[in-house]
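A.B. asks:
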Amino acid sequence: MKTDLSIKLCNLAKSEKVLALVPISMIMSIIIIIFSLSESTRRTLSFAYAEPSLWTAYTAPFVHLSAAHLAGNVAVFLLVSGAFYALSRHVRTPWLFFSALVAALSIFPVTLSLLNLAVPRDAVTYGFSGVNMALVGFLPVAIGRYIEAKRGRPIDTGLLLAAFFLSVSGIAIFAVPRSPLASAVGTAGLTLCVLFGGSAVRQELRLADSRGRWRASASDPVVIVGIGTWILLLATAFPQTVATDGSVTNVYVHFVGYALGFMTAYLAHEWKLFENRVEKRVDTGRLGSS
311 MKTDLSIKLC NLAKSEKVLA LVPISMIMSI IIIIFSLSES TRRTLSFAYA EPSLWTAYTA
371 PFVHLSAAHL AGNVAVFLLV SGAFYALSRH VRTPWLFFSA LVAALSIFPV TLSLLNLAVP
431 RDAVTYGFSG VNMALVGFLP VAIGRYIEAK RGRPIDTGLL LAAFFLSVSG IAIFAVPRSP
491 LASAVGTAGL TLCVLFGGSA VRQELRLADS RGRWRASASD PVVIVGIGTW ILLLATAFPQ
551 TVATDGSVTN VYVHFVGYAL GFMTAYLAHE WKLFENRVEK RVDTGRLGSS
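Right, dumping it as structure tokens:
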């Protein structure tokens with residue numbers, strides 16, 4: 311017979327799953343409904359750089375003109391949201407996940423469309439890939455929070471910044487056409503990765519049993535799957551060949567989305583906007599949860 315505590319835990323788990331399904335279902339519904347419209351109507355919902363509007367700034371990310379484009383973005387969305395939810399559920403911090411999905415439904419579409427105007431061109435943009443990349447930007451922070459909870463000890467947030475700048479360096483070196491600017495960005499990203507990563511590693515080595523805890527984290531299947539998903543989605547979002555079948559992969563909006571997602575998640579993590587952040591009390595060295 312179940313105890314009252316086990317019943318409450320079961321109900322909590324069910325409510326979290328239902329809560330997670332709401333924004334996912336809403337996003338999927340909007341994408342599918344718009345795809346069911348005629349192609350001419352869908353084109354009017356695309357974001358035209360020459361004639362921008364707030365309405366098309368919101369609708370454009372949900373527009374797909376081909377079944378292959380739709381299937382690719384839906385697959386990425388389900389993969390990143392599934393990995394993100396699994397990491398959040400394991401540490402019982404659903405609000406970071408839920409807030410990210412709400413932002414993907416409301417704030418990110420308009421923001422990314424308008425940021426496209428920073429690179430003027432005579433073209434139109436559409437598709438959910440930029441918003442997907444914003445969610446990919448949340449993954450390093452979600453992985454870090456998972457590791458914190460499993461270790462029972464906070465990680466140095468310099469490791470999160472090191473991971474981000476390492477990925478920026480990789481994008482500049484492998485995904486962007488060779489140029490002095492790309493080389494400079496790649497070098498700067500690698501330099502910042504070494505600086506933040508080196509500082510974080512030195513801090514970690516001062517802690518007792520740090521190596522053992524990191525070995526346990528490195529062999530954790532959830533961490534392995536999370537990091538693997540993060541790397542896979544980055545490699546997919548920044549292909550070396552960006553022009554196919556008369557269309558061009560918008561690497562710029564992919565990067566802006568990724569950076570926007572990471573910065574949002576990182577600041578939310580640093581400012582402790584969500585529950586269950588493991589922290590260390592400097593005065594006593596004891597661990598607590600805020």
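Count along the sequence shown from 1, then add 310; that gives the number in the working numbering.
All C-beta atoms, glycine included, are put in the ideal place defined by N, C-alpha and C.
Since the model is a prediction, treat every value here as computed from it, not as a measurement.
Round the Cβ separation of V446 and V390 to the nearest angstrom and send it over; I've been treating them as touching at under 8 Å.
C.D. replies: As a position in the sequence shown, residue 446 is number 136, starting the count at 1. As a position in the sequence shown, residue 390 is number 80, starting the count at 1. The Cβ separation is near 5 Å, so the contact holds.
A.B. asks: Taking Cβ to Cβ, would you say F408 is nearer than 8 Å to I341?
C.D. replies: Within the sequence shown, residue 408 is the residue found at index 98, counting from 1. Within the sequence shown, residue 341 is the residue found at index 31, counting from 1. Against a cut-off of 8 Å, the Cβ pair of I341 and F408 comes out as no contact.
A.B. asks: Since H579 is in the alpha helix (DSSP H), which residue starts that stretch and which ends it?
C.D. replies: Position 269 of the sequence shown holds residue 579. Residues 561–580.
A.B. asks: DSSP three-state call for V533: helix, strand or coil?
C.D. replies: As a working mapping, residue 533 is identified with position 223 in the sequence shown. Helix, per DSSP.
A.B. asks: I need the boundaries of the alpha helix (DSSP H) containing P450, first residue and last residue.
C.D. replies: In the sequence shown, residue 450 corresponds to position 140, counting from 1. Taken as a continuous stretch (DSSP letters only), the alpha helix (DSSP H) holding P450 covers 439–461.
A.B. asks: Restricting to Cα atoms, I'd like to know which of W524, P487, L425 is closest to R461.
C.D. replies: What you label residue 461 is simply residue 151 of the sequence shown in a count that begins at 1. Of the listed residues, the one whose Cα sits closest to R461 is W524.
A.B. asks: Going by other Cβ atoms of all chains shown within 10 Å of its Cβ, with 16 needed for buried, is G454 buried or exposed?
C.D. replies: Indexing the sequence shown from 1 puts residue 454 at position 144. Result: buried.
A.B. asks: Let's see if you can read the secondary structure: which residues bound the alpha helix (DSSP H) around R352?
C.D. replies: Residue 352 sits at position 42 when you count from the first residue of the sequence shown. Here the alpha helix (DSSP H) through R352 covers 349–354.
A.B. asks: Run through DSSP, which three-state label would F357 get?
C.D. replies: Taking the first residue of the sequence shown as 1, we reach residue 357 at position 47. It is a strand residue.
A.B. asks: Applying the criterion that 16 or more other CB atoms from any shown protein chain within 10 Å of the CB defines a buried residue, is E458 buried or exposed?
C.D. replies: Within the sequence shown, residue 458 is the residue found at index 148, counting from 1. Buried, because 16 or more other Cβ atoms sit within 10 Å of the Cβ of E458.
A.B. asks: Determine the contact status of A452 and S529, defining contact as a CB-CB distance below 8 Å.
C.D. replies: Taking the sequence shown and counting its residues from 1, the one referred to as residue 452 is at position 142. Taking the sequence shown and counting its residues from 1, the one referred to as residue 529 is at position 219. No, Cβ-Cβ distance for A452 and S529 is not below 8 Å.
A.B. asks: Which residues in the same chain have their Cβ closer than 8 Å to the Cβ of V328, if we skip the five residues on either side of it in sequence?
C.D. replies: On the sequence shown, residue 328 is found 18 positions in, with the first residue counted as 1. Hits under 8 Å: none found.
A.B. asks: Would DSSP call T421 helix, strand or coil?
C.D. replies: The residue given as residue 421 occupies position 111 in the sequence shown. Helix, per DSSP.
A.B. asks: Evaluate W540 with the Cβ neighbour count: other Cβ atoms within 10 Å of its Cβ, from every protein chain shown; 16 or more gives buried, anything less gives exposed.
C.D. replies: Working through the sequence shown from its first residue, we reach residue 540 at position 230. Buried, because 16 or more other Cβ atoms sit within 10 Å of the Cβ of W540.
A.B. asks: Confirm, please, whether the CB-CB distance from L469 to G440 is below 8 Å.
C.D. replies: Here residue 440 refers to the residue found at position 130 of the sequence shown. Here residue 469 refers to the residue found at position 159 of the sequence shown. In this structure, L469 does not lie closer than 8 Å to G440 by Cβ.
A.B. asks: Using a Cβ-Cβ cutoff of less than 8 Å, which residues in the same chain neighbour H379 once the five nearest sequence positions on both sides are dropped?
C.D. replies: Along the sequence shown, read from residue 1 onward, the residue named residue 379 stands at position 69. Result list for H379: G437, in chain order.
A.B. asks: Which class does G595 belong to by DSSP, given the choice of helix, strand or coil?
C.D. replies: Stepping through the sequence shown from its first residue, residue 595 is reached at position 285. Below a pLDDT of 50, predicted positions are generally treated as unreliable, and G595, at 39, falls in that range; the measurement from the model is reported next regardless. Note: G595 maps to coil in three-state DSSP.
A.B. asks: Among M443, H400, S335, which residue has its Cα nearest to the Cα of Y562?
C.D. replies: As a working mapping, residue 562 is identified with position 252 in the sequence shown. It is M443.
A.B. asks: Can you grab the Cα-Cα spacing for the pair R488 / N426, in whole Å?
C.D. replies: On the sequence shown, position 178 is the one that residue 488 refers to. On the sequence shown, position 116 is the one that residue 426 refers to. The straight-line gap from Cα to Cα measures roughly 22 Å.
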